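Numbering (our numbering), first residue to last: 9 to 466. Even for Gly, the Cβ is constructed at its ideal location relative to N, Cα and C. This structure is a prediction, so every number in the text was calculated from the model and none was measured.
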Ligand SMILES: [Zn+2]
């Protein structure tokens, strides 16, 4: 989707706020710093999440908004004439529709020289393939547009690789050893934003750092700081486990999911019910009684290997908050599955930002009854998706037209009877990965045309 200044269609900031609330409620917490970011004006900081070991749980920490002076970069890397000809070039890696109907992902490389842009494109393709091998990304990948923006670095590789003292001159000033943490790859969000702005739209940004070393990070809550996108994920290009970092981070920014891992120092949650769809203070009986959170999934066998219930420890609190399953990709990256509630939350997020049903025929202009109406479905009946397409004339379904992507009002039985009529196409994803009617409503998309009144036929 295209984000307009002053509007906020992504609800990702809601998760950030919920998290800020959790953090603020635990002044005694010793793990992540609770300080609010102070903005993108150079002296501020961002909250980021990283994963110290492949397959492990994450940590969160405050990091500087810009790279430290030791990397030698402040802003505006000077580019040679030859490099400037490709720097900022936008590529269409997987563009499936209009930005208004899609979740737009922008992938930017760091530590790739002018001669290495082909490597960057190959890495971007491979990383997106890793992410979309996971459900529900796999079934819904056509609700995404994937753009690349070429960022030309003066040196190959990024700072902190292989050792903490290595300094590289790169387009985005990304570096390992952020906040003295080897696997934490920070980047300059202002530079990221300037490259991302080259793409037609950016709902999510992924920065691929040219490195064989394991590492990455997730920045969230960026819209609240004035950026047009809410989340940025960094990951290293040539380590097989790094793709899972982005798959997890998109869980926050698109699915509004909370982390399901805990910090021992957080102790017991004593506040009220939380906002996240995957943590609760309730028992299973209370979930059912209140028709809350994942009550519709209780007792179901889950892709993560356990049975959906309430497992103590979630959203950093080892006690007093419960998660839906023993493990999941939101708890540790050794699990490459979302649990059933998480999967439904992800699909909800996909449909908040994307529309499965599209057309190039203007719905604001009345059409003649012989006019061909063509629609396209981004999501069909592969994998989890079960989208069906139905046609209605003045609210009455024309059953024989089910599944057709091209009709005319006349073929649907619209008569030239001197009155105007309405033709509606409706796509509904009837996937059993959705149980909440509110999510089913998000997964329902309609287009309606007015058919122009014509004279009576004698
Ligand atoms: Zn996380």
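{"Item": "To which residues does DSSP link residue 226 through a beta bridge?", "Value": "57, 241"}
{"Item": "For a test of the three-state rule: what should DSSP assign to residue 31, helix, strand or coil?", "Value": "Because residue 31 carries a pLDDT of 27, less than 50, the predicted location of this residue cannot be relied on, and the following value inherits that uncertainty. If DSSP states are grouped into helix, strand and coil, residue 31 belongs with the helices."}
{"Item": "Tell me which same chain residues have a C-beta within less than 6 Å of the C-beta of residue 314, skipping the five on either side of it?", "Value": "333, 334"}
{"Item": "Does the Cβ of residue 486 have 16 or more other Cβ atoms within 10 Å, making it buried, or fewer, making it exposed?", "Value": "As shown, the chain starts at 9 and ends at 466. That puts residue 486 outside it, with no answer to give."}
{"Item": "State yes or no: is the C-beta of residue 257 nearer than 8 Å to some heavy atom of ligand 1?", "Value": "yes"}
{"Item": "Thinking just about the alpha-carbon of each residue, which of 450, 128, 69, 436 is nearest to the one in residue 191?", "Value": "69"}
{"Item": "Given a cut-off of 9 Å on the beta-carbon distance, is the pair residue 276 and residue 324 in contact?", "Value": "no"}
{"Item": "Would you kindly report the start and end of the unbroken beta strand (DSSP E) that includes residue 382?", "Value": "381-385"}
{"Item": "Less than 6 Å between C-beta atoms, sequence neighbours within five positions excluded: which residues of the same chain meet that for residue 303?", "Value": "295, 296"}
{"Item": "From the DSSP output, in three-state form, read off residue 435 for me.", "Value": "strand"}
{"Item": "Taking a contact to mean a Cβ-Cβ separation below 9 Å, would you say residue 364 touches residue 395 in this structure?", "Value": "yes"}
{"Item": "Got a sec? Which residues, its chain only, sit under 8 Å from residue 374 by beta carbon, not counting five neighbours each side?", "Value": "428, 457, 458, 459, 460"}
{"Item": "Based on Cα-Cα distance, which residue from 266, 132, 326, 401 lies nearest to residue 274?", "Value": "326"}
{"Item": "Are residue 111 and residue 362 close, meaning C-beta to C-beta below 9 Å?", "Value": "yes"}
{"Item": "Quick check: the stretch 113-127 against the stretch 175-187, are there 3 or more CB pairs under 8 Å?", "Value": "yes"}
{"Item": "State the CB to CB distance for the pair residue 139 and residue 300, rounded to an integer number of angstroms; the pair is presumed to be in contact (CB under 8 Å).", "Value": "Going by Cβ atoms, the distance from residue 139 to residue 300 rounds to 30 Å, so no, they are not a contact pair."}
{"Item": "On the criterion of 16 or more Cβ atoms from any shown chain inside 10 Å, does residue 397 qualify as buried, or is it exposed?", "Value": "buried"}
{"Item": "Find the nearest neighbour of residue 376 within the set 413, 347, 431, 341, judged by alpha-carbon distance.", "Value": "431"}
{"Item": "Where does residue 451 sit, in a helix, a strand or coil, going by DSSP?", "Value": "coil"}
{"Item": "Can you tell me whether DSSP reads residue 217 as helix, strand or coil?", "Value": "strand"}
{"Item": "What is the rounded straight-line gap between the Cα of residue 423 and the Cα of residue 434?", "Value": "21 Å"}
{"Item": "Give me the Cα-Cα distance between residue 175 and residue 245, rounded to the nearest whole angstrom.", "Value": "18 Å"}
{"Item": "Measure the beta-carbon distance from residue 383 to residue 413 and round it to whole angstroms, keeping in mind my assumption that it falls under 8 Å.", "Value": "5 Å"}
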